[in-house]
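Top to bottom, those sequences are chains C and W.
Just so you know, we're using my numbering here: the first sequence kicks off at 19 and counts up by one.
Just so you know, we're using my numbering here: the second sequence kicks off at 15 and counts up by one.
Virtual Cβ for every residue (Gly too), placed ideally from N, Cα, C.
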Amino acid sequence: MISPERISDLFVEVADTLVDEFDVVDFLHNLTVHAAGISGADAAGLMLTDQMGRLQFMAASNSNGETLELFQLQNSEGPCLDCFTTGEPVVNADLAHASRWPTFAPRAIQLGYQSVHAFPMRLREHIIGALNLFGSAHARFDTADVRLVQALADVATIALMQERTIRRAEELTEQLQGALTSRVVIEQAKGAVAALRGISTDEAFELLRSRARSHQKRLVDVAQAVLDERQGPTEQSTSPR
Amino acid sequence: MLARLCEVAVRDLRMSGAVVSLMTPVQTGRELSGTIAAVSSDSARSVEELEFSLGEGPGREAFLGSRPVLTPDLEGALGRWPGYVPEALAAGVRATFAFPMLIGAARFGVFHLHCSRARPLTGHDTATSLVLTELATEIVLDTYAPVGEHIPLDGPLLGPDERRDGIYQAQGMVMVELGVSLREALARMRAHAFASDQALSDVAADILAGRTRLEPDPDAAS
C-alpha cells in the first residue's frame, strides 16, 4: 500500500529535479528508488527506448531490479515488455500463475518475488519505456495506488521527453548551422576560384571537388581554405567556436 | 508539410503570404545566411528574399532578437528599415508579423506572415500564430528526428536555391576581383543594386555572366 504522506514529498522532489541541472542518470535512479519506496515494492526497474526505438535498461532501485530488467530484455519476455508494447499497465500480476512469462516468472520467483507490476512511461501516443515494480509478499495495488504510481511515471515521462526535445533541438541547430554555413562557403569559393582562374563556376566546382578528393579533405574545408587564403581567416569560418 | 502549414496560416489568419525561413548566423555581426524552407506562394517568397537582398527587415530582426516582431503598418516603419519598407510596400505588403522558431536556446529561423492591409494582430490571431510557429518548429525538428544523423547539404529542407547560390558565388568573385573581404564584397554588391535600382540576385547574375564588373572604390581604405 502507498502511504499518502510520502506522495507530496516525492512529487516535490521530482519537480525540483526538473528545474535544477537535469542529470538523467540520477533522476532515473531516484525515480526507481522512490517508486519502490512509496509503493512498498521490494525492487523497481526502469527501461527506456534509445534513439532507435529499442528498449534499454536504464535504472533500478537495487541489483535484483537490475537483474530482472536485464533478464526480460535478454529473453524478450516479461511484464515490462508487455507494458511497453500495449501501453497499458500490468497490475497485480501473480508470478506463480504467470503462464505468459514462462522464462521470466520462474526466475523472478527464484529471487524471492511473488508479484509484479509495470507502468508505461507514456505521453499520449509516445511510449518511451516502462517502470517495473516487484513485490515479495502478495502486495496488491488498488485503483488509487495504480493511479498514483502512474502519475509518478507520467511526471517523469514529461521531464524526460522535454529533456530529449531540448537536446535534439540543440543538436539540430548545430547541424543546420553547419549545413547552411557550408553551403555558403562552398558557393563563395566557387565564385572565387572562377574569378582566380578565369573559368566557369561549374568548372571551379569540379576543381574544388577534385582537390578535396586528392587531399582526402571535406569539400567545405577545401572551400574555406580558398577563402581564408584570399582574405584571412578572421572573417568567416566553419570551424566550431 | 511546411508548405501546407503556410497555406493554413494564410487561410485561417487572412494573410497574403506565409513563409518558413531557416536562418543561421554566418559571421560576426549581423550577417545571416539561410534558406526559405516553405512558402504559401511565389510572391511571398519574393517578399521574403527582399530581406536577404537588402540585409535588413523584420524577419531578420525577429531571428536576431529571438522575439516576435509585429508591424501592423509598414508605412510607419520606414525609419526602421529604409531599404525594406518601400520594396515591401511596392510588392503589396502592408503589414508583417515575424515569429522566431525556437526551442530553448536553439534558433532555427522565422515563421513570417505578410498581410496586404494594415491591421494589428488580435490576441486570438497572435495565439494562433504562436501555435503555428511551434508546429513549424516541430516539423523542422521531426524532419531530422534521429539525433546524430548528419543533415545532407541537399536534404529535404536545404534544396537548391539558385538565387542565393548565385549571390554567394558573385560574392566570392567580387572578393577576388576587388581584393576585399567577403563582407565588403557583399556590401558593394548591395550598394550597386541600390544605385542601379536592381534586385541583388540580378546584380549577381550580371557579375557571374561578366556583364557587370564592380569598380574598386577609390575612397575606401584598402
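Cα-Cα separation between residue i and residue j, rounded to whole angstroms
i: Ser94/C; j: Arg18/W; result: 42 angstroms
i: Gln180/C; j: Gln212/W; result: 47 angstroms
i: Phe29/C; j: Glu152/W; result: 29 angstroms
i: Glu63/W; j: Ser57/W; result: 10 angstroms
i: Leu144/W; j: Ser200/C; result: 30 angstroms
i: Gly153/C; j: Gly55/C; result: 11 angstroms
i: Ala199/W; j: Cys129/W; result: 33 angstroms
i: Val161/W; j: Ala205/W; result: Here Val161/W scores only 48 on pLDDT, less than 50, and its place in the model is too uncertain to base an answer on.
i: Arg248/C; j: Ile217/C; result: 17 angstroms
i: Leu49/C; j: Asp156/W; result: 28 angstroms
i: Val124/W; j: Ala219/W; result: 27 angstroms
i: Ser55/W; j: Ala102/W; result: 15 angstroms
i: Thr147/W; j: Glu191/W; result: 42 angstroms
i: Gly15/C; j: Glu224/C; result: Absent from the structure is residue 15/C, since the part of chain C shown begins at 19 and ends at 259.
i: Glu221/C; j: Leu36/W; result: 29 angstroms
i: Val164/C; j: Gly71/C; result: 26 angstroms
i: Trp119/C; j: Cys101/C; result: 13 angstroms
i: Ser195/W; j: Glu21/W; result: 40 angstroms
i: Arg94/W; j: Leu194/C; result: 29 angstroms
i: Thr103/C; j: Arg125/C; result: 22 angstroms
i: Thr140/W; j: Asp160/C; result: 46 angstroms
i: Ala230/C; j: Leu214/C; result: 18 angstroms
i: Arg25/W; j: Gly147/C; result: 40 angstroms
i: Ser117/C; j: Asp172/C; result: 29 angstroms
i: Asn110/C; j: Val238/C; result: 59 angstroms
i: Ser236/W; j: Thr226/W; result: Caution applies to Ser236/W, whose pLDDT of 45 falls short of 50 and renders its modelled position unreliable; the value that the coordinates give is listed next. Near 22 angstroms, if we compare the C-alpha coordinates of Thr226/W and Ser236/W.
i: Gly63/C; j: Met76/C; result: 8 angstroms
i: Asp44/C; j: Pro22/C; result: 24 angstroms
i: Val107/W; j: Ser30/W; result: 8 angstroms
i: Gly90/W; j: Pro96/W; result: 11 angstroms
i: Ala76/W; j: Gly69/W; result: 13 angstroms
With 16 other Cβ atoms within 10 Å as the buried cut-off, status of residue i
i: Pro82/W; result: buried
i: Ala119/W; result: exposed
i: Arg186/C; result: buried
i: Ile176/C; result: exposed
i: His138/W; result: exposed
i: Leu228/W; result: buried
i: Glu253/C; result: With a pLDDT of 48 at Glu253/C, under the threshold of 50, the modelled position of that residue is not reliable, and the figure given next carries that caveat. Under this definition Glu253/C is a buried residue.
i: Glu176/W; result: exposed
i: Gln69/C; result: exposed
i: Gln128/C; result: exposed
i: Ser81/C; result: exposed
i: Asp179/W; result: buried
i: Arg140/C; result: buried
i: Pro100/W; result: exposed
i: His115/C; result: exposed
i: Ser228/C; result: exposed
i: Pro174/W; result: exposed
i: Ser57/C; result: buried
Whole-angstrom C-beta distance between residue j and residue i, which should lie under 8 angstroms
i: Leu151/C; j: Gln206/C; result: Actually they do not touch by this definition, with Cβ atoms about 60 angstroms apart.
i: Ser67/W; j: Ala105/W; result: Actually they are not in contact, since the Cβ atoms of Ser67/W and Ala105/W sit about 12 angstroms apart, beyond 8 angstroms.
i: Gly73/W; j: Ala112/W; result: 5 angstroms
i: Leu135/W; j: Leu214/W; result: The Cβ separation is near 30 angstroms, so there is no contact.
i: Lys208/C; j: Gly186/W; result: 6 angstroms
i: Arg197/W; j: Glu45/W; result: 7 angstroms
i: Ala53/C; j: Leu170/C; result: 6 angstroms
i: Val34/W; j: Ala150/W; result: 5 angstroms
Test item: CB-CB of residue i and residue j under 9 angstroms
i: Val108/C; j: Ala136/C; result: yes
i: Ala162/C; j: Ser133/C; result: no
i: Pro114/W; j: Gly79/W; result: yes
i: Ala241/C; j: Ile204/C; result: yes
i: Gln74/C; j: Leu91/C; result: yes
i: Ala210/C; j: Met189/W; result: yes
i: Ala23/W; j: Val154/W; result: no
i: Ala132/W; j: Leu88/W; result: yes
i: Leu127/W; j: Thr110/W; result: yes
i: Phe122/C; j: Gly105/C; result: no
i: Leu66/C; j: Leu88/C; result: no
i: Leu198/C; j: Val40/W; result: yes
i: Leu149/C; j: Ile25/C; result: no
i: Glu192/C; j: Ile117/W; result: no
i: Thr6/W; j: Leu27/W; result: Lying outside 15 to 236, the shown extent of chain W, residue 6/W is not represented and no answer is given.
i: Thr183/C; j: Leu222/W; result: no
Closer than 8 angstroms, Cβ to any Cβ of chain W: which residues of the region 173-185 of chain C, in chain order? Residues Thr183, Ile184 and Arg185.
Contact set between the region 22-43 of chain W and chain C, restricted to residues whose Cβ is under 7 angstroms from the partner: Correct list: Leu36, Thr38, Val40 and Gln41.
Could you name the residues of the region 111-126 of chain W whose beta carbon sits closer than 8 angstroms to any beta carbon of chain C, in the order they occur along the chain? Of all residues in the region 111-126 of chain W, Ile117, Gly118, Ala119, Ala120, Arg121 and Phe122 have a Cβ within less than 8 angstroms of some Cβ in chain C.
Taking a Cβ distance cut-off of 9 angstroms, strictly less, list which residues of the region 169-193 of chain W are near chain C, in chain order. For the region 169-193 of chain W, which is checked against every Cβ of chain C, the residues closer than 9 angstroms are Gly169, Leu171, Leu172, Asp175, Arg178, Asp179, Gly180, Ile181, Tyr182, Gln183, Ala184, Gln185, Gly186, Met187, Val188, Met189, Val190, Glu191 and Gly193.
Residues in the region 42-67 of chain C having any Cβ partner in chain W nearer than 8 angstroms: Hits within the stretch: zero.
Could you run through the region 202-234 of chain C and flag, in chain order, every residue whose CB is less than 7 angstroms away from some CB of chain W? If the cut-off is 7 angstroms between Cβ atoms, the region 202-234 of chain C has Val202, Glu205, Gln206, Ala207, Lys208, Gly209, Ala210, Ala212, Ala213, Leu214 and Thr219 near chain W.
Beta carbons nearer than 9 angstroms to chain C: which residues of the region 45-71 of chain W have them? Within the region 45-71 of chain W, the qualifying residues are Glu45, Ser47, Gly48 and Thr49.
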